[in-house]
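In our numbering, the protein residues as written are 141 to 370.
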């Protein structure tokens with residue numbers, strides 16, 4: 141059974157991509173590679189920013205801070221926090237899709253894999269360039285995996301669940317990200333210019349990426365099969 145939900149609308153009111161929570165095999169064949177590719181790009185961009193050491197996104201600051209104190213890798217901390225956030229979906233009555241579960245586990249595993257092969261650069265120019273490239277890649281990857289239409293990320297579901305209960309999306313996002321940033325910083329997560337660059341750059345890149353890389357949604361209705369008259 142295929143369950144649909146609309147993604148964020150365009151200015152004209154039509155959704156950018158229709159979300160398929162539990163796709164058919166044919167839908168998964170088209171959307172799955174885009175989902176996995178987007179998550180891999182996100183993980184690579186985050187890994188570049190981690191190794192550059194100039195600051196991370198608010199949730200990655202929290203992941204790094206938890207990893208320092210819990211004896212985990214950053215990827216393992218990401219999975220643990222993602223599962224906790226996903227549990228918040230239950231009272232909010234949000235429905236995860238296959239992309240939601242893949243997001244929680246896949247990014248953490250791929251992040252740890254990238255960190256194994258990426259060195260820590262010493263030259264300032266390389267660290268700056270890795271931070272800039274990381275910001276762009278995270279934005280592109282977010283657009284790709286959201287555009288695959290296989291379910292929102294765990295944090296997006298919390299924002300959506302609170303928004304339908306009357307809370308402004310911008311206020312929910314601000315509270316959640318600020319809380320993650322401050323908690324992560326208190327735990328020793330890296331905050332710096334990369335954090336600012338992420339906050340300013342990723343929304344713009346992700347918006348353009350979502351519009352360019354989304355799976356096209358066929359607006360034509362399905363016609364019933366012809367009947368045979370005897």
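Think of the CB as a built atom: it goes at the ideal place given N, C-alpha and C, for glycine as much as any other residue.
Asked	Found
Boundaries (first-last residue) of the alpha helix (DSSP H) holding residue 165	165 to 192
Which of helix, strand or coil DSSP assigns to residue 160	strand
Exposure label - residue 307; buried when at least 16 CB within 10 Å	exposed
C-alpha gap between residue 334 and residue 162, whole angstroms	36 Å
Of the residues 326, 350, 329, the one placed nearest residue 282, counting alpha carbons only	350
Proximity below 8 Å, CB of residue 380 to CB of residue 241	The structure shown does not extend to residue 380, since the chain is modelled only from 141 through 370, so no value can be given for it.
Of the listed residues 233, 190, 234, 278, nearest to residue 214 (C-alpha basis)	190
DSSP state of residue 263 mapped onto helix, strand, coil	coil
Helix, strand or coil at residue 338 [DSSP, three-state]	helix
Cβ separation of residue 164 and residue 291, assumed to be a contact under 8 Å, to the nearest whole Å	Not really, about 15 Å apart at Cβ, beyond 8 Å.
Proximity winner among 174, 286, 173, 199, relative to residue 323 (alpha-carbon distances)	199
Sequence-distant residues of the same chain with beta carbon closer than 8 Å to residue 207, five excluded per side	213, 214, 216, 217
Span of the alpha helix (DSSP H) around residue 211	Where residue 211 is concerned, there is no enclosing alpha helix (DSSP H), given that its DSSP letter is neither H nor E.
Through-space distance from residue 220 to residue 182, alpha-carbon basis	18 Å
Residue 354 (DSSP reduced to helix, strand or coil)	coil
Straight-line gap, residue 187 to residue 285 (C-alpha atoms, nearest Å)	18 Å
Buried/exposed call for residue 260, threshold 16 Cβ in 10 Å	exposed
Cα-Cα separation, residue 205 to residue 288	31 Å
Residue 267 classed as buried or exposed, judged by whether at least 16 other C-beta atoms fall within 10 angstroms	buried
Residue 236, DSSP secondary structure in three states	coil
Exposure label - residue 353; buried when at least 16 CB within 10 Å	buried
Assigned exposure category for residue 211 - 16 Cβ within 10 Å defines buried	exposed
Local Cβ density within 10 Å of residue 192, reported as buried at 16 or more and exposed below that	buried
Beta-carbon contacts of residue 355 that lie in its chain and below 7 Å, excluding the five residues immediately before and after	157, 170, 171, 174, 287, 288, 289
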